[in-house]
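These notes concern the structure reproduced below.
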Amino acid sequence: MAVFLTEDSKVLVQGMTGAEGMRHTRRMLAAGTEIVGGVNPRKAGLAVEFDVPGTEGRGSAPRTVPVFGSVREGMRATGADVSVVFVPPPFARAAVREAADAGIALAVVITEGIPVHDSVALRAHAAARGTRVVGPNCPGLISPGRSNAGIIPADITGPGPIGLVSKSGTLTYQLMHDLRDIGFSTCVGIGGDPVVGTSHIDCLAAFEEDPDTEMIVLVGEIGGDAEERAAAYIRDHVTKPVVGYIAGFTAPEGRTMGHAGAIVSGSSGTARAKKTALEAAGVRVGETPTGTAGLVRARLAGRATPSDVTHS
Numbered sequence: 004m005a006v007f008l009t010e011d012s013k014v015l016v017q018g019m020t021g022a023e024g025m026r027h028t029r030r031m032l033a034a035g036t037e038i039v040g041g042v043n044p045r046k047a048g049l050a051v052e053f054d055v056p057g058t059e060g061r062g063s064a065p066r067t068v069p070v071f072g073s074v075r076e077g078m079r080a081t082g083a084d085v086s087v088v089f090v091p092p093p094f095a096r097a098a099v100r101e102a103a104d105a106g107i108a109l110a111v112v113i114t115e116g117i118p119v120h121d122s123v124a125l126r127a128h129a130a131a132r133g134t135r136v137v138g139p140n141c142p143g144l145i146s147p148g149r150s151n152a153g154i155i156p157a158d159i160t161g162p163g164p165i166g167l168v169s170k171s172g173t174l175t176y177q178l179m180h181d182l183r184d185i186g187f188s189t190c191v192g193i194g195g196d197p198v199v200g201t202s203h204i205d206c207l208a209a210f211e212e213d214p215d216t217e218m219i220v221l222v223g224e225i226g227g228d229a230e231e232r233a234a235a236y237i238r239d240h241v242t243k244p245v246v247g248y249i250a251g252f253t254a255p256e257g258r259t260m261g262h263a264g265a266i267v268s269g270s271s272g273t274a275r276a277k278k279t280a281l282e283a284a285g286v287r288v289g290e291t292p293t294g295t296a297g298l299v300r301a302r303l304a305g306r307a308t309p310s311d312v313t314h315s
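Residues in the sequence shown are numbered from 4 upward in steps of one, following our numbering.
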């Protein structure tokens, strides 16, 4: 089992015929994702052929993917239940609105640079229609060996018992690589914008219910209070072990970092404050990605070594 995305997920790609859509559709196909169509009202009725590399670099095979004029048309023809959105920022709000109105279960919004008021509107519209949004400005999510919706490299790791939720795409990849020999049930990149559709708490709740997830890794960063709210949720609702990492221990106060949501003022939203809140909820928090991976290994092995001890 996995959360949000499984081997049975049928995926449409909104913006598939653009440069990014084409490149990543090919990569998703190579990862085994069941891509059932693209969406572009100006190219409806066409079919796009992808030269998909085989596993472990063995050969390649053509795959033909139809283009539909709308998400609703694509869902009716294929039974799609997931949409990955690669459309440019000015059109992203309308794209998610279209997917939600069609009744898609999950919309994964990769697009970066969506205005905050558009993110607020698309999230509210999708929530009112029962559509889960992952992102925007996110790498998507992957259930290794099953399906991949977004831009996360599929060859970093394989299936395993760890569930990962992260604000940072780069740190998602790094933790996946550092723990590649153990593997993951699902890795969810929720995005680093001030407004996102799926939160740390949403993922914690899903991993808690997932029988294939034995341990949860939570990656946060400075700014906002999402990690503090996640800590309170862990304290009250999560029985599985959680290991955390907060990016930005050395970030200067008041400076906007790489993500739009990563800004701190005073002691609010600092890495130190988030670490304290998580540790008070029983979460072991590393101060580097590699140290965090060490904490995961130790916890899974049922032991703690001196090098795993967190810094205060």
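Glycine residues also receive a C-beta, built at the ideal position from the N, C-alpha and C atoms.
Taking the C-beta atoms as reference points, A209 is found nearer than 8 Å to V6. Around the C-beta of A97, fewer than 16 other C-beta atoms lie within 10 Å, and the residue is accordingly described as exposed. For S86, the enclosing beta strand (DSSP E) begins and ends at 85 to 88.
In the DSSP assignment, C206 falls within the alpha helix (DSSP H) that extends over 203 to 212. Counting of Cβ neighbours within 10 angstroms places H240 among the exposed residues, the total staying below 16. A straight-line Cα-Cα distance of about 8 Å links L109 and V137.
V112 sits away from P92, with the two beta carbons spaced by 8 Å or more. Secondary structure at T216: coil, using DSSP grouped into helix, strand and coil. Check the Cα spacing between G161 and each of I219, I145, K46, E23: the tightest is with I145. Between the beta-carbon of A80 and that of A103 there is about 19 Å, and that puts the pair past the 8 Å contact cut. Beyond the five residues adjoining it in sequence on each side, E23 comes within less than 6 Å, by CB distance, of F89 in the same chain, given in chain order. DSSP lists V85, R135 as the bridge partner or partners of L109. Excluding five sequence positions before and after E217, the CB atoms of its chain that fall closer than 6 Å to its own CB belong to P164, given in chain order. Scanning T201, G18, F187, I219 for the CA closest to the CA of S150 turns up F187.
D213 is a Cβ neighbour of M4, given a cutoff of 8 Å. The three-state reading of DSSP puts L15 in strand, counting E and B together.
R275: member of the alpha helix (DSSP H) spanning 274 to 283, first to last residue. G200 and H120 have their C-alpha atoms roughly 13 Å apart.
Across the structure, L281 and A64 are spaced so that their CA atoms are roughly 47 Å apart.
Contact annotation: G226 and G272 have beta-carbon atoms nearer than 8 Å.
Of the residues D54, P44, G82, the one whose Cα lies closest to the Cα of F71 is P44. Only buried fits E101, as 16 or more other CB atoms lie within 10 angstroms of its CB. Closest in alpha carbon position to G35, among S12, V245, A274, K170, is S12. Looking at the DSSP output, F71 shares a beta bridge with V42. For V299, the enclosing alpha helix (DSSP H) covers residues 292 to 303.
In the three-state DSSP reduction, V6 falls in the coil class, being neither helix nor strand.
In the structure shown, P56 adopts extended strand secondary structure according to DSSP, grouped into three states. Residues of the same chain with a CB within less than 8 Å of the CB of T242, apart from the 5 flanking positions on each side, are E211 in chain order.
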